[in-house]
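Engineer:
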Amino acid sequence: MATWPLPTDDDKENLLLSCRYDDLDEVQAFVTKFGSGALSTVRDDNGNTVLHMTCGNGHIDVLDYLLPLLSPSILPAQNNAGSTALHWAALNQHLELAQKLVHFTGGPGVDLIDIKNRAGRSPLGEAEMIGWDEGARWLVQEMKLDESNHHEINDSEEDSPVDTAQDIEVEIQDADGEVAKMTISGGALI
-9 MATWPLPTDD DKENLLLSCR YDDLDEVQAF VTKFGSGALS TVRDDNGNTV LHMTCGNGHI
51 DVLDYLLPLL SPSILPAQNN AGSTALHWAA LNQHLELAQK LVHFTGGPGV DLIDIKNRAG
111 RSPLGEAEMI GWDEGARWLV QEMKLDESNH HEINDSEEDS PVDTAQDIEV EIQDADGEVA
171 KMTISGGALI
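Using my numbering, you'd call the opening residue of the sequence shown number -9 and step up by one each time.
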């Protein structure tokens, strides 16, 4: 088993800056020198990880490189403000990165959408707060909805066609107590 040298504080800071500014070559050089295990331990003074820097700034190439190398346990990692990389992707309207975080095999999946930061907002709440409708719609579609919303078939309905395009109304309360209502109709938000 290979032993890797430990990165210095300067090495860690340079890695975070490379993730922030989309310098994939420098990120790769860090992994070559210190191994991929060191990636998950790097945080700045505010608790931000390589994923926070990458997702907050929309760098899909760096994310594609990092995800297979990182421990899935870093996906729900919260910074000092309680925000995850998904919060930052939502706040900065980076849909493709949000999708990759949620769909990452072995990661927390849709449970990432439920994590609230210290302001009491989930990534969906952040998307709604800034008016990012496309992201909010996608997050709602991905969420685990209450089981009571599912249609159950009873004996009398077995021979009749089942309408799977039901309307589901979702109410989401933000940190200020405001309630937003969305209706999902036949798989589309209206």
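Built from N, CA and C at the ideal position, the CB exists for glycine as well.
As the structure is a prediction and not an experimental result, all values here were calculated from the model.
Within the chosen definition, does the stretch 71 to 80 reach the stretch 24 to 35 through at least 3 CB pairs nearer than 8 Å?
Structural biologist: no
Engineer: Terminal residues of the continuous alpha helix (DSSP H) containing Asp1?
Structural biologist: -1 to 10
Engineer: So, are the CB atoms of Leu57 and Leu87 less than 8 Å apart?
Structural biologist: The Cβ-Cβ distance between Leu57 and Leu87 does not fall below 8 Å.
Engineer: Pop quiz: Gly46 and Asn82 are said to be a contact at Cβ under 8 Å. What is the actual Cβ separation, rounded to whole angstroms?
Structural biologist: 6 Å
Engineer: Given this structure, state the Cα-to-Cα distance separating Leu(-4) from Ala28, to the nearest angstrom.
Structural biologist: Cα to Cα, Leu(-4) sits roughly 8 Å from Ala28.
Engineer: In three-state terms, what does DSSP make of Val52?
Structural biologist: Helix.
Engineer: With a CB to CB cut of under 7 Å and the five nearest residues on each side skipped, what residues in its chain are close to Thr182?
Structural biologist: Residue 182 falls outside the range modelled here, since the chain spans only -9 to 180, and no answer is possible.
Engineer: Just to confirm the assignment, what range does the alpha helix (DSSP H) spanning Thr44 have?
Structural biologist: Element bounds for Thr44: 40 to 46.
Engineer: Rounded to whole angstroms, what's the CA-CA distance from Val17 to Val40? Just pull it up for me.
Structural biologist: 10 Å
Engineer: Would you mind listing the alpha helix (DSSP H) stretches within the stretch 65 to 151 that are 4+ residues and don't spill past its ends, in chain order?
Structural biologist: 75 to 81, 85 to 93, 113 to 119, 123 to 132
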